[in-house]
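In this note's numbering, the protein residues as written are 1 to 314. Have a look at the structure below before the remarks.
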Amino acid sequence: MVDEALSAGAVARRLGVAVTTLRTWHQRYGLGPSEHIPGHHRRYTPTDLARLEIMRRLTAEGVSPAEAARWARQSPDPTPNGTVAPARIHPTGRDGGGSIPVGRAGPAARGLARAAMRLDAAAISETIAHALAAGGVVATWEGLLRPVLAGIGERHAATAGLIEVEHLISRCVSEALAAASRANVPTGPARILLSCADEEQHTLPLEALAAALAEAGVSYRMLGARVPVAALVEAVNRTGPAAVVLWSHTRATADPTQLGALLAAPRRPLLVLAAGPGWRADTLPAGVVRPVDLAEAVSLSAAVRDSLDQSRRD
1 MVDEALSAGA
11 VARRLGVAVT
21 TLRTWHQRYG
31 LGPSEHIPGH
41 HRRYTPTDLA
51 RLEIMRRLTA
61 EGVSPAEAAR
71 WARQSPDPTP
81 NGTVAPARIH
91 PTGRDGGGSI
101 PVGRAGPAAR
111 GLARAAMRLD
121 AAAISETIAH
131 ALAAGGVVAT
141 WEGLLRPVLA
151 GIGERHAATA
161 GLIEVEHLIS
171 RCVSEALAAA
181 SRANVPTGPA
191 RILLSCADEE
201 QHTLPLEALA
211 AALAEAGVSY
221 RMLGARVPVA
231 ALVEAVNRTG
241 PAAVVLWSHT
251 RATADPTQLG
261 ALLAAPRRPL
271 LVLAAGPGWR
281 ADTLPAGVVR
291 PVDLAEAVSL
301 SAAVRDSLDQ
311 SRRD
């Protein structure tokens with residue numbers, strides 16, 4: 001609790017902002033120090049600090065400074081004695097309730113993060129659908145979905161919270177990607193086989209790849225989560241894909257022997273892609289390619305499909 005007025009430097013350290021930011025908020029929005037002692041610099045009271053914390057939290061969540069200042073001026077946190085309680089400051093400089101960090105992602109990602117925190121499924125779905133229609137699957141994944149999902153994972157790792165947020169947005173993302181796949185059903189045989197590694201349950205990036213392949217006109221088969229290596233090899237032998245994408249989100253599921261089994265399959269695919277952050281480049285068997293992002297995975301899959309189709313026509 002704060003029981004005395006503070007200097008601008010002390011407030012800046014508590015909030016994790018620059019002193020120049022405090023001056024800007026003071027000059028533009030009237031959120032300045034209110035305690036004045038003749039002959040001394042103005043000081044920030046507990047009421048001032050509480051309002052500045054609201055300002056900092058809302059702007060961090062993507063609210064415009066002018067709108068955040070309006071809420072800060074109108075939303076004091078009264079205590080029983082009629083004063084305003086100071087904001088609870090997290091040691092990292094983030095608020096305890098918290099927002100979802102999205103790094104340098106744009107306003108759409110910040111808006112999606114806010115909708116996720118509100119558990120607003122309709123707003124989440126509308127935001128994703130608009131992004132898919134405007135920019136396509138790869139741009140939506142890289143610029144909107146991945147930053148927000150990563151931010152939720154970061155907050156969960158730090159606080160063990162946001163499980164309900166993760167579940168809701170994951171369902172909305174999965175539904176949106178499935179709809180995008182259905183809207184772009186490719187023709188021709190499925191040349192690409194998509195699978196999670198054994199015991200791997202994180203499927204959203206693989207679903208994004210499926211939707212991106214469909215958008216690019218590349219047919220695929222999706223096996224989904226937790227595919228044992230024996231079942232994966234059996235699927236390869238039965239379908240003869242040109243490429244197999246094996247997704248691993250964590251080191252715990254990234255067993256290189258699974259990749260080796262694909263390379264040794266009787267109907268060995270032309271290309272084996274080890275996708276996801278679980279794989280370590282220095283452990284991959286010779287002949288396995290690790291795409292750097294979703295766009296490269298789509299490009300490689302399309303190229304090997306085209307190569308196989310051309311060789312069969314020849």
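Note that CB positions come from ideal geometry on N, CA and C, so glycine has one too.
Whole-angstrom distance between residue j and residue i, CA atom to CA atom
i	j	result
L58	L112	14 Å
A122	P256	41 Å
L193	P101	34 Å
L232	Y220	15 Å
R155	R110	15 Å
V244	G276	13 Å
I54	Y29	13 Å
R305	L22	57 Å
S7	A68	22 Å
A157	H167	15 Å
L31	A50	10 Å
G103	R238	44 Å
E164	A179	23 Å
V218	V137	14 Å
L223	C172	20 Å
V227	E215	25 Å
Where the beta strand (DSSP E) containing residue i begins and where it ends
i	result
V244	A243 to W247
G224	Y220 to G224
V272	L271 to A275
L193	I192 to C196
Residues of its chain near residue i, where Cβ-Cβ distance is below 7 Å and the 5 sequence neighbours each way are ignored
i	result
A225	C196, E200, Q201 and T203
L162	I152, R155 and H156
D48	P33 and S34
A297	L209, V245, L273, A275 and P291
First through last residue of the alpha helix (DSSP H) which encompasses residue i
i	result
I152	R146 to T159
V138	A121 to T140
L168	I163 to A183
I54	P46 to A60
L213	L204 to E215
L263	P256 to L263
L232	V229 to T239
P107	P107 to M117
R11	Going by the sequence as given, residue 11 is Val instead of Arg. Unbroken alpha helix (DSSP H) run through V11: A8 to L15.
L31	It is not in any alpha helix (DSSP H) - L31 carries neither H nor E in the DSSP assignment.
Sequence-distant residues of its chain with Cβ nearer than 6 Å to residue i (five each side left out)
i	result
P65	T59
A254	S248, G278 and W279
T283	P256
H26	G32
Cutoff 8 Å; reference residue i; Cβ partners in own chain excluding five residues on either side
i	result
Q258	A197, D198, V229, L232 and L246
T127	A108, G111, L112, A115 and L144
L300	A243, L271, L273, V289 and P291
G344	Residue 344 falls outside the range modelled here, since the chain spans only 1 to 314, and no answer is possible.
L263	V272, P285, G287 and V288
Classification of residue i by the beta-carbon crowding that lies within 10 angstroms, buried from 16 upward
i	result
T187	exposed
S99	buried
P46	buried
T79	With a pLDDT of 36 at T79, under the threshold of 50, the predicted position of this residue should be treated as unreliable, though the coordinate-derived value follows. Exposed, because fewer than 16 other Cβ atoms sit within 10 Å of the Cβ of T79.
R191	buried
P266	exposed
A72	buried
R182	exposed
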